[in-house]
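Residue numbers (the working numbering): 104 to 277. Below is one structure; the comments refer to it alone.
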């Protein structure tokens, strides 16, 4: 099955929104250090751009979780592929995610991280699909709310392809 990619959000729109989120985080954490936890692989593109725009001290760590495999819909089974390298105890933590879809993965992940004793725990996502929400998840910083379409680009993939697109596109199958 072949697919086409239709532009949903341009590179310029994404860049401007990330700047605005970075400004807001800088304001919210003035005088503090923020610890960003990136959810791999998709969140890495967003994390790098966001971290460059945050004006308070930043530290980073990475987790890899999976609930999609090679499908376009979440399986509902969350698997921790790579855990954090460092403790988050007593740190101001922001989980950085590429997209919040059903909420299953993030709900599980946030509950697990809360149990590790961070000073504060917030969630930042580039994209939010509220129409697909199965489990309620509080998103503190949102780039864009998008319709229920399968999107790629800026770190998001379809079967490991299209992550490197500098914009957000919708996969349309022929």
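A virtual CB, placed ideally from N, CA and C, is assigned to each residue, including glycine. Owing to the predicted nature of the structure, the values given are computational and were not obtained by experimental measurement.
Check: How many Å lie between residue 222 and residue 190 at the Cα?
Finding: When rounded, the distance between both Cα atoms is 12 angstroms.
Next item on the list: Would you kindly check if the distance between the Cβ of residue 237 and the Cβ of residue 226 is under 8 angstroms?
Entry: It is not a contact, given that the beta carbons lie outside the stated cut-off.
Check: How about residue 181 and residue 142: do their beta carbons lie closer than 8 angstroms?
Finding: Cβ distance not < 8 angstroms, so residue 181 and residue 142 don't count as in contact.
Next item on the list: Take every Cβ of the region 247–259, pair it with every Cβ of the region 205–225, and state whether three or more of those distances are shorter than 8 angstroms.
Entry: At 8 angstroms Cβ cutoff, the stretches do not touch.
Notebook entry, point to check: Which of helix, strand or coil does DSSP assign to residue 175?
Noted result: With a pLDDT of only 48 at residue 175, under 50, the local geometry of the prediction cannot be trusted, and no value is derived from it.
Check: Where residue 154 and residue 125 are concerned, what is the direct C-alpha to C-alpha distance, given to the nearest angstrom?
Finding: Distance from the CA of residue 154 to the CA of residue 125, rounded to the nearest whole angstrom, comes to 7 angstroms.
Margin query: Mapping the DSSP letters down to three states, classify residue 211 as helix, strand or coil.
Written below: It is helical.
Notebook entry, point to check: Any chance the region 161–168 sits against the region 136–150, with 3 or more Cβ pairs inside 8 angstroms?
Noted result: Under the three-pair Cβ rule at 8 angstroms, the region 161–168 counts as touching the region 136–150.
Notebook entry, point to check: Could you give the distance in angstroms between the alpha-carbon of residue 152 and the alpha-carbon of residue 108?
Noted result: So the two alpha carbons sit approximately 23 angstroms from each other.
Margin query: To the nearest angstrom, how far is the alpha carbon of residue 260 from that of residue 266?
Written below: Between the alpha carbons of residue 260 and residue 266 lies a distance of about 5 angstroms.
Notebook entry, point to check: Between which two residues does the alpha helix (DSSP H) carrying residue 130 extend?
Noted result: In the DSSP assignment, residue 130 falls within the unbroken alpha helix (DSSP H) covering 114–131.
Check: Helix or strand or just coil, what does DSSP make of residue 234?
Finding: In this structure, DSSP gives residue 234 a helical state, which the three-state scheme calls helix.
Item checked: DSSP-derived helix/strand/coil call for residue 258 -> DSSP places residue 258 in coil when its eight states are reduced to three.
Notebook entry, point to check: Count the other CB atoms within 10 Å of the CB of residue 183; is the residue buried (16 or more) or exposed (fewer)?
Noted result: Exposed, by the Cβ-count rule.
Next item on the list: Identify whether residue 111 lies in helix, strand or coil by the three-state DSSP scheme.
Entry: Looking at residue 111 - three-state DSSP - the assignment turns out to be strand.
Item checked: Cα-Cα separation between residue 214 and residue 116, rounded to whole angstroms -> About 32 angstroms.
Notebook entry, point to check: How many whole angstroms separate the CB atoms of residue 229 and residue 202, which I take to be in contact at a CB cut-off of 8 angstroms?
Noted result: Here residue 229 really is in contact with residue 202; their C-beta atoms are around 7 angstroms apart, less than 8 angstroms.
Checklist line | residue 113 burial status per 10 Å Cβ neighbour count (16 or more: buried) | finding: Counting Cβ neighbours within 10 Å, residue 113 comes out exposed, since fewer than 16 surround it.
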